[in-house]
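Undergrad:
In the working numbering, the protein residues as written are 1 to 215.
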């Protein structure tokens with residue numbers, strides 16, 4: 001993921017009361033029908049729906065693992081081209097229709113998929129981390145039973161959903177969701193913080209697109 005801006009100020013403007021539902025509209029169907037990869041898209045969407053129906057009543061760890069594995073099978077691709085210096089945070093629908101993305105796109109799709117599968121958004125956080133040996137920031141999705149518990153990590157770099165303490169190469173920076181943001185360690189969340197997204201608040205722009213709110 002191209003630079004994720006570090007900590008300081010912004011208030012999350014999107015209410016945590018909005019419900020999420022993955023739903024295609026007329027424009028989406030036109031995109032699919034006009035695509036040279038129509039069969040691949042339809043197959044991917046069909047499998048995605050089957051996944052959600054299959055795992056809806058699974059116990060927590062199986063539900064997390066199945067969602068992580070399914071989303072990870074979508075091909076990775078940096079979404080920055082030579083004409084742009086900014087990366088695009090895709091909604092789950094954009095990600096599944098296009099069939100590729102980078103780390104935040106994987107994490108975002110897992111987050112909203114798990115919301116549909118009745119995982120409370122209070123227990124799901126995007127974790128901004130540093131991967132040892134890498135020069136750029138990386139994003140994962142974390143499941144947190146409570147603020148004093150060790151996060152479980154859903155990562156496009158791994159098919160295993162395991163505690164953050166076992167991911168030795170991940171260095172915690174900060175975590176956020178629709179409700180709040182925290183500094184965190186491998187063991188637990190620590191200090192509540194606010195996030196400075198810089199010139200472009202990709203997070204709240206994404207939420208407005210997901211929940212179909214006016215910019």
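We put the beta carbon where it would ideally sit given N, CA and C, even for glycine.
Here the structure is a predicted model, which means the values were calculated and not measured.
Using a Cβ-Cβ cutoff of less than 6 Å, which residues in the same chain neighbour residue 65 once the five nearest sequence positions on both sides are dropped?
TA: As a working note, residue 65 is residue 65 in the chain shown. The answer, listed in chain order, is 161.
Undergrad: Report yes if the CB atom of residue 112 is closer than 8 Å to the CB atom of residue 211, and no otherwise.
TA: Here residue 112 refers to the residue found at position 112 when the chain shown is read from its first residue. Here residue 211 refers to the residue found at position 211 when the chain shown is read from its first residue. Not a contact, by the Cβ cut-off of 8 Å.
Undergrad: State whether the region 193–201 contacts the region 144–160, with contact taken as three or more CB pairs (one from each stretch) at a distance under 8 Å.
TA: No, the region 193–201 is not in contact with the region 144–160.
Undergrad: Determine the burial state of residue 46: buried for a count of at least 16 other Cβ atoms within 10 Å of its Cβ, exposed for fewer.
TA: Counting from one through the chain shown, the residue named residue 46 turns up at place 46. With fewer than 16 Cβ atoms within 10 Å of its Cβ, residue 46 is classed as exposed.
Undergrad: Which residues mark the beginning and the end of the alpha helix (DSSP H) in which residue 108 is found?
TA: What you label residue 108 is simply residue 108 of the chain shown in a count that begins at 1. Per DSSP, residue 108 belongs to the alpha helix (DSSP H) from 103–116.
Undergrad: Spatial neighbours of residue 202 within its chain, please: C-beta separation below 6 Å, excluding the five flanking residues on both sides.
TA: Residue 202 sits at position 202 when you count from the first residue of the chain shown. So the qualifying residues of the chain are 89.
Undergrad: Can you tell which of 121, 166 and 48 has the C-alpha that lies nearest to the C-alpha of residue 220?
TA: A question about residue 220 goes unanswered here, because the residues of the chain that appear run from 1 up to 215.
Undergrad: Going by DSSP, which residues form a beta bridge with residue 158?
TA: As a first step, residue 158 must be located in the chain shown, where it is residue number 158. Bridge partners of residue 158: 155.
Undergrad: Give me whichever residues DSSP pairs with residue 192 in a beta bridge.
TA: Sequence index remark: in the chain shown, residue 192 carries index 192 (1-based). Its beta-bridge partners are 182.
Undergrad: Rounded to whole angstroms, what is the Cα-Cα separation between residue 204 and residue 105?
TA: Counting from 1 along the chain shown, the entry for residue 204 is found at position 204. Counting from 1 along the chain shown, the entry for residue 105 is found at position 105. Computed Cα separation, rounded: 14 Å.
Undergrad: Report all residues from its chain with a CB closer than 7 Å to the CB of residue 123; omit the five preceding and five following residues, and keep chain order.
TA: On the chain shown, position 123 is the one that residue 123 refers to. These residues qualify, in order along the chain: 143, 144 and 145.
Undergrad: Going by Cα to Cα distance, which pick from 133, 92 and 132 is closest to residue 114?
TA: Counted from its first residue, the chain shown places residue 114 at position 114. The residue with the shortest Cα to Cα distance from residue 114 is 92.
Undergrad: Exposed or buried, which one is residue 148 when buried takes at least 16 other CB atoms within 10 Å?
TA: Walking along the chain shown from the start, residue 148 turns up at place 148. By the 10 Å Cβ count, residue 148 comes out exposed.
Undergrad: Among the candidates 99, 177, 158 and 94, whose CA atom is the shortest distance from the CA of residue 169?
TA: Here residue 169 corresponds to residue number 169 of the chain shown, with the count starting at 1. Per the Cα distances, 158.
Undergrad: For residue 96 and residue 109, which I take to be in contact (beta-carbon distance under 8 Å), what is that distance rounded to the nearest angstrom?
TA: The count along the chain shown starts at 1 and reaches residue 96 at position 96. The count along the chain shown starts at 1 and reaches residue 109 at position 109. Correct: roughly 7 Å between the Cβ atoms.
Undergrad: Note down the Cα distance separating residue 53 from residue 70, rounded to an integer number of angstroms.
TA: On the chain shown, position 53 is the one that residue 53 refers to. On the chain shown, position 70 is the one that residue 70 refers to. Their backbone Cα atoms lie some 13 Å apart in a straight line.
Undergrad: I need the DSSP call for residue 66, collapsed to helix, strand or coil.
TA: Indexing the chain shown from 1 puts residue 66 at position 66. Note: residue 66 maps to helix in three-state DSSP.
Undergrad: Excluding the 5 residues preceding and the 5 following residue 185 in the sequence, name in chain order all residues of the same chain whose CB lies nearer than 7 Å to its CB.
TA: Here residue 185 corresponds to residue number 185 of the chain shown, with the count starting at 1. 172, listed in sequence order.
Undergrad: Put residue 37 into one of helix, strand or coil per three-state DSSP.
TA: Residue 37 sits at position 37 when you count from the first residue of the chain shown. Of the three classes helix, strand and coil, the one that applies to residue 37 here is coil, per DSSP.
Undergrad: Could you give the residue range of the alpha helix (DSSP H) that holds residue 164?
TA: Within the chain shown, numbered from 1, the residue matching residue 164 stands at position 164. Residue 164 -> no alpha helix (DSSP H), and no H or E assigned at all.
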